[in-house]
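Report on the structure given below.
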Amino acid sequence: MSITRRSWRAIAAAAGLALLAATAPSAVAQTDQQVPERGLYHVRGADDAAKRTAVARTGVDVAGTENGALTVVANPAQAATLRANGFTVDQIGDFDALLKQRSVVPGQARSAQADEFPSGDEKYHTYTETTAELKQVVADHGDIAQLSSAGKSYEGRDLNVLKISDNAATDEDEPEVLFTCNQHAREHLTTEMCLHIAQRFTDGYASDPKIKEMVDGREIYLIPNVNPDGSEYDISGGEYQGWRKTRQPVPGSSEIGTDPNRNWDYQWGCCGGSSDQPGDEDYRGPSAFSEPETKAVADFISSRKFTAHIDFHTFSELVLWPYGFTEDDTAEGMTAEEAKRFQDVGKEMAGTNGYTPEQSSDLYITDGDVNDWAWGKHKILSYTFEMYPKSGGIDGFYPPDEQIEEQTTRNDQAVDILLREAG
Ligand code: 0X9
Ligand code: CA
Ligand code: CA
Ligand code: CA
Ligand code: ZN
C-alpha cells in the first residue's frame, strides 16, 4: 500500500519534524483534491443487498445512505474498481478534509484539552469519563450496581462491565440481558446509549415502580466500550479521525486494526462478508478472535447465560437481526419459528423508535459479526441497532452532542421490550 497522508504525518511526527508534520497535508492538498487518499463518494446503482455486498467487497467503508445513494469512503483504487464494476461513483469530498471541518466549531478554537472531544462536543464521554461515570453509578447505587472487567484491550484498558440488578453482588437466578456499545471506534453515540441505560435503571429505581420491577426481575449487563483503544484514537489530537477498527497491529503487515464486527468465531470469513486485506475497513483479522477485545467479551458472554442482547452501532436507524452471513431467512441453527420470533420482536421494537426493521443481510452480507455468533453459538436473541441519523455522510458518525439525550431516550421502550423478551 502507498504511503498515505496519515502515515506520512505519523512518520514525520515520530521523527520530531513538527513543521513538516503540520504542513505535509496542505503540501499535497492540490493533488488530493482530485483523487484523495481517502475520498467520500456517493455510489449509485447498488439498490439490492447483493449489489451492496458487491460494493462492500471492494474493501470500501460503507457508511450509510444519502439521497438514495450509498455513502462510502474509498481510496483511489477502490473508486476505480467500483466504476469498472458498473456503479456510478460521484466524489463528494476529501474524507480527511471533511473530518477536519467537522472537528472545528466555526469561531471557536479547536479543543486544546487533552483526552476530550473536539470543542462543542464535550458532552460525549471519553473512555476516562465513561469509567468515572460507571464508578459514580456504583458509588451512588451500590446495592443494585456492580462494576467489573471482562479483560483488557490491546493497549491495556479495562473492558468495563456494569451489572444492574437487585442484590447486584449476588448471582441470582434471573434472566440475563446484555447491551454492548462502541464495537466500532467512531460510533461514539453508542457509548452514550449504554451510559443512558445505566443511568435510567439506577436513578429511576427508587421512584419508578416499572423500573424497579425490571431491575429486580433481571440481571442487566452493560459494556459501554467494547473497543476503547479505537474510540480514544478516534478523538486523539482534538480532531476526529474517522476510525472504525481496533488498534492492534496486523502481524506481517504495516496496517493497524481489525474490524471487531467481522472477528467473531461463527462462520468467520465464510461468505464474502468481510475482507482478508489488512488495510480494508472490514478486515476480519488473521484469525477468529484475534482481537483481545472480541475474545474477552466473547469469553465473558460464554461464562454467563444471556438470553437477549443488543449491540449498538451508528448510523442508519435500523433494527437488524441474524443471520448476516446468508440472505436466507432460515439456515442451520435458525428455524422458521425462530426467524419469526426475531422478526416479531424486531418489528415491535422498531415500532417504538421509528427505525426500519430487517434481517441484517438485507443491508449487506457480513460474516463474523456479533449477532451471528451470539445466536449461532448461544441462542441469544441478539440484535444490532443502528442509531441516529437515518442518512448522512461522514457527519453521520459525529452528530452534535445536543442530540445525545433525544437519541438515547428514543430507545427506552425498545430496551424495555428486550428486557421483557429475555424472560
Ligand atoms: O457493518 C457492520 O458491522 C454494521 N454496520 S456499521 O455501519 N455500524 O459498521 C452492521 C452489522 C449488521 N450485520 C449485517 N449488515 N449483516
Ligand atoms: Ca454541542
Ligand atoms: Ca466529555
Ligand atoms: Ca438480582
Ligand atoms: Zn458499527
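Take the sequence shown: its position 374, counted from the start at 1, is 871 in the numbering used here, and no numbers get skipped. No residue lacks a Cβ here, since even glycine has one placed at the ideal position from N, Cα and C.
Below-9 Å beta-carbon distance, residue i vs any chain B residue
i	result
D913	Of the chains in the structure shown, none is chain B; there is only one protein chain.
Proximity test, residue i beta-carbon vs ligand 5 heavy atom, cut-off 8 Å
i	result
E684	yes
Q680	yes
N758	yes
E883	yes
H810	yes
R741	yes
N-terminal and C-terminal residue of the alpha helix (DSSP H) that residue i is part of
i	result
H693	H685 to D700
I798	P789 to S799
S733	Run containing S733: none; DSSP gives neither H nor E here.
A594	F592 to R599
Q904	I901 to T906
Q856	Taken as a continuous stretch (DSSP letters only), Q856 belongs to no alpha helix (DSSP H), being part of the beta strand (DSSP E) at T853 to Q856.
A836	A833 to N850
V634	Y624 to D637
E652	Element bounds for E652: n/a, residue is neither H nor E.
A547	A546 to R554
V912	D909 to E918
Ligand 4 heavy atom lying under 8 Å from the CB of residue i
i	result
E669	yes
E716	yes
V799	The question names Val, but residue 799 in the sequence shown is Ser. The answer is no for S799.
D640	no
A665	yes
D713	yes
Ligand 3 heavy atom lying under 8 Å from the CB of residue i
i	result
T623	yes
K837	no
K632	no
F614	yes
K620	yes
E626	yes
Residue closest to residue i, alpha-carbon to alpha-carbon, out of the options
i	options	result
G920	N868, E903 and A805	A805
R759	P896, H681 and P706	H681
D859	E824, D591, E710 and M711	E824
Y737	T585, V569, F592 and L537	F592
G583	T687, T555 and S600	T555
Q531	E899, K707 and A576	A576
P721	R715, S704 and L686	L686
A560	E652, G617 and W740	W740
A547	I901, E834, G769 and T562	G769
K887	L567, A551 and V557	L567
R715	E652, A665, A553 and T585	A665
Whether residue i touches residue j by CB criterion (9 Å)
i	j	result
P819	S771	no
G830	D866	no
Y880	L915	yes
E814	Y861	no
A911	N850	yes
Y538	I589	yes
Y763	D869	yes
Y923	R541	The structure shown does not extend to residue 923, since the chain is modelled only from 498 through 920, so no value can be given for it.
T905	L595	no
E684	H810	yes
For residue i, the first and last residue of its enclosing beta strand (DSSP E)
i	result
N657	D655 to I661
Y538	G536 to R541
H875	No beta strand (DSSP E) holds H875; the alpha helix (DSSP H) holding it covers V867 to H875.
I717	E716 to I720
I807	F803 to T811
K887	Element bounds for K887: n/a, residue is neither H nor E.
T578	Note, T578: premise wrong, no beta strand (DSSP E); alpha helix (DSSP H) at P573 to A581.
E673	E673 to C678
E824	Run containing E824: none; DSSP gives neither H nor E here.
G766	Careful: G766 lies outside any beta strand (DSSP E) and carries neither H nor E.
Check: residue i C-beta below 8 Å from any heavy atom of ligand 6
i	result
E902	No copy of ligand 6 occurs in the structure displayed; its ligands are ligand 1, ligand 2, ligand 3, ligand 4 and ligand 5 alone.
Residue i beta carbon near ligand 1 (any heavy atom closer than 8 Å)
i	result
I862	yes
Touching by the beta-carbon criterion (3+ pairs, under 8 Å), the stretch 771-785 and the stretch 686-703: no
Validate contact between the stretch 868-887 and the stretch 781-799 using beta carbons, cut 8 Å, 3 pairs: yes
Given 8 Å, three or more beta-carbon pairs between the stretch 839-855 and the stretch 744-758: no
Segment contact flag, the stretch 664-677 with the stretch 621-634, C-beta cutoff 8 Å, min 3 pairs: no
Touching by the beta-carbon criterion (3+ pairs, under 8 Å), the stretch 649-657 and the stretch 718-727: yes
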